[in-house]
Amino acid sequence: MKTVDEINEKIKQGKAVVLTAEEVVRLAKESSPEQIAERVDVVTTGTFAPMCSSGAVINFGHTTPPMRLEKIELSGVEVYGGLAAVDGFLGATQESKADKSFGGAHVIEALIQGKDLYLKASSKGTDCYPGKEFEGYINKDMINDFFLFNPRNAYQNYAAATNSSDQTKYTYMGKLLPHFGNVTYSTSGELSPLLKDPRLMTIGLGTRIFLGGATGYVVWPGTQFRNDIKVNKYGIPVGPSRTLAVIGDARKMNQRYLRAAYFKNYGVTLFVGIGVPIPVLNEEIAYFVSRSNEEIEAEIEDYGLPGRPVIGQVNYARLSSGWLELNGKRVKTSPLSSLLMAREISQVLKVKISSGSFLLTSPVELFHEERTLKQLEKRTCGKELKLDKPCCVDCGACVSVCAFDALNLVDGKFSYVPGKCTNCGECSDVCPLGVELPPSE
Ligand code: SF4
Ligand code: SF4
874 MKTVDEINEK IKQGKAVVLT AEEVVRLAKE SSPEQIAERV DVVTTGTFAP
924 MCSSGAVINF GHTTPPMRLE KIELSGVEVY GGLAAVDGFL GATQESKADK
974 SFGGAHVIEA LIQGKDLYLK ASSKGTDCYP GKEFEGYINK DMINDFFLFN
1024 PRNAYQNYAA ATNSSDQTKY TYMGKLLPHF GNVTYSTSGE LSPLLKDPRL
1074 MTIGLGTRIF LGGATGYVVW PGTQFRNDIK VNKYGIPVGP SRTLAVIGDA
1124 RKMNQRYLRA AYFKNYGVTL FVGIGVPIPV LNEEIAYFVS RSNEEIEAEI
1174 EDYGLPGRPV IGQVNYARLS SGWLELNGKR VKTSPLSSLL MAREISQVLK
1224 VKISSGSFLL TSPVELFHEE RTLKQLEKRT CGKELKLDKP CCVDCGACVS
1274 VCAFDALNLV DGKFSYVPGK CTNCGECSDV CPLGVELPPS E
């Protein structure tokens, strides 16, 4: 048994033994998990794949006169403006109205490169934010904040895709040829971060990671995270399972590890480079980091049929060999994630840790809570939302408009003195929660 603190001490002294996930798989051919746990301190992983559920939070900085940016476009791509004043969220898959092959991912990539982008924003104008229109160029050095916040990255495993129908299918899994013409898949197999710690024994809230060429952090279980998943005889999930929500300073990121892409007739997406260091704390973790492509399997789903039924199971050694046999036919396979880039990321992370410039973190919390995915069902008897009768939260916003001391805060509690009220009406529109003022006794 080791601790993360002990490993960090070794990293600081330049004594930590750091291997990439591929290197530890080779070592495991001649070493037991017990021996690996003794010899190896950290295993570095890597993945570089399309991760649609990605995006960036941008604080544009205030305009003169000040303006609340409500409708925002950056290089013709809509940025969600339903946040305060000059904050926006730019989703990677948001398409430009003018060109569906260009979108949020391209804008994020261009911002990271330092390019000037055209910002167009409008607002209804308020007394505190009188500005109504803004147009001009911005770049990453002119804005206050630019950080990546990706709600669902690094899927633990993902089903391979094929197509039994007689028509080509254009999907986020690439172009699927008719009659089982090909199979695509999208993980880096034995290099993939969550496949190397399948029970998430070391990865959790606050885990420091490589993200897009900079330092990032795991901030939550990613959306669609699920624990109730089928595992194979090696204890590794065979279908879409756990995911990570991650965050990191996009200004420090490198375009090499964040690349915009367009899948024909599907849309825009972002290739994200992620590397997670796994501390080899014990024999069980040593066992999992050592599992090879022969032992890691994925289900194959048929995108040609409704509900995408699972039609088989295959290991990553077979998938990465370039072909597999399906229905008695030799079918070509292709990855959507780049093995070369995943390998590079695991190497870069290894060098960073070995040189002492990247220390490991202990998660503040692990993600072991049971979760299952819900399926939306159409309901016909729903009712439109009606606002509840507003009630006072004792905020005090109304008190200062009353010149007659009829509205007061006493020990932080709102009070109304009817006898002092002249019904002047000054308070009638002041309550932000919609409480009727002056109160009807
Ligand atoms: S009446 Fe409205 S404004 Fe006044 S204290 Fe209550 S919540 Fe605040
Ligand atoms: S209507 Fe009454 S409570 Fe409201 S501001 Fe005037 S005096 Fe004060």
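874 is the number of the first residue of the sequence shown in the numbering used here; add one for each residue after it. Virtual Cβ for every residue (Gly too), placed ideally from N, Cα, C. Every value quoted in this text rests on a predicted model; they were computed, and no experiment measured them.
Do residue i and residue j have their CB atoms nearer than 8 Å?
| i | j | result |
| --- | --- | --- |
| G1146 | G1086 | yes |
| A922 | L1209 | yes |
| F975 | V1141 | yes |
| Q1128 | T1116 | no |
| I1102 | V1149 | no |
| A1133 | H979 | yes |
| L1258 | C1271 | no |
| Y1058 | T1206 | yes |
| P1094 | A1118 | yes |
Grouping DSSP H, G and I as helix and E and B as strand, with all else coil, what is residue i?
| i | result |
| --- | --- |
| K1013 | coil |
| Y1107 | coil |
| N1100 | coil |
| A958 | coil |
| P1113 | coil |
| A1087 | strand |
| R1132 | strand |
| V1224 | helix |
| S1018 | The sequence given here places Asp at residue 1018; Ser does not occur at that position. Strand. |
| D914 | coil |
| K1042 | strand |
| D1070 | coil |
| P1024 | strand |
| A1118 | strand |
Given residue i, which residues of its chain have a CB within under 6 Å of its CB, disregarding the five upstream and five downstream residues?
| i | result |
| --- | --- |
| P1003 | P938 |
| F1231 | K1225 |
| K1326 | The chain is shown from 874 up to 1314; residue 1326 falls before or after that span and cannot be answered. |
| N1017 | N932, G934 |
| V870 | No information on residue 870 is available, as it lies outside the stretch 874 to 1314 that the chain covers here. |
Ordered along the chain, which non-local residues of its own chain (more than five positions away) have a Cβ less than 7 Å from that of residue i?
| i | result |
| --- | --- |
| G928 | F962, L963, G964, A965, G977, F1022, N1023 |
| V1274 | E1299, C1300, V1303 |
| M897 | According to the sequence as given, residue 897 is Val; it is not Met. Closer than 7 Å at Cβ, skipping near neighbours: I909, V913, V916, V1162, S1163. |
| K944 | G954, A994, S995 |
| Q1220 | T893 |
| K1286 | D1267 |
| M874 | L1154, N1155 |
| G1229 | I884, K885, G887 |
| V890 | R912, V913, D914 |
Between residue i and chain C, is there a C-beta pair that is closer than 8 Å?
| i | result |
| --- | --- |
| Y1189 | Although the question refers to chain C, the structure presented lacks it and comprises just one protein chain. |
Is it the case that the CB of residue i approaches a heavy atom of ligand 2 more closely than 7 Å?
| i | result |
| --- | --- |
| G1298 | yes |
| L1287 | Rather than Leu, the amino acid found at residue 1287 in this sequence is Phe. No, the Cβ of F1287 stays beyond 7 Å of every heavy atom of ligand 2. |
| A1279 | yes |
| P1311 | yes |
| C1265 | no |
| V1308 | no |
| C1304 | no |
| V1283 | no |
| L1294 | Just to set this straight, residue 1294 is Cys in the shown sequence, not Leu. Yes, Cβ of C1294 sits closer than 7 Å to a heavy atom of ligand 2. |
| C1275 | yes |
Could you name the residues of the same chain whose beta carbon sits closer than 8 Å to that of residue i, not counting the 5 residues immediately before and after it, in chain order?
| i | result |
| --- | --- |
| E1315 | The structure shown does not extend to residue 1315, since the chain is modelled only from 874 to 1314, so the question has no answer here. |
Quick check: is any heavy atom of ligand 1 less than 7 Å from the C-beta of residue i?
| i | result |
| --- | --- |
| A1270 | yes |
| V1104 | no |
Can we count residue i as close to ligand 4, meaning its CB is less than 7 Å from some heavy atom?
| i | result |
| --- | --- |
| L1260 | Looking at this structure, you won't find ligand 4 anywhere; what it does contain is ligand 1 and ligand 2. |
Segments of 3+ residues assigned as beta strand (DSSP E) that fall wholly inside the stretch 1134 to 1211
1140 to 1148, 1150 to 1152, 1170 to 1175, 1183 to 1188, 1196 to 1199, 1202 to 1208
Could you name each continuous beta strand (DSSP E) segment of 3 residues or more that falls completely within the stretch 1229 to 1312, going from the start of the chain to the end?
1280 to 1283, 1286 to 1289
Could you name each continuous beta strand (DSSP E) segment of 3 residues or more that falls completely within the stretch 927 to 1008, going from the start of the chain to the end?
928 to 932, 944 to 947, 950 to 952, 960 to 964, 990 to 995
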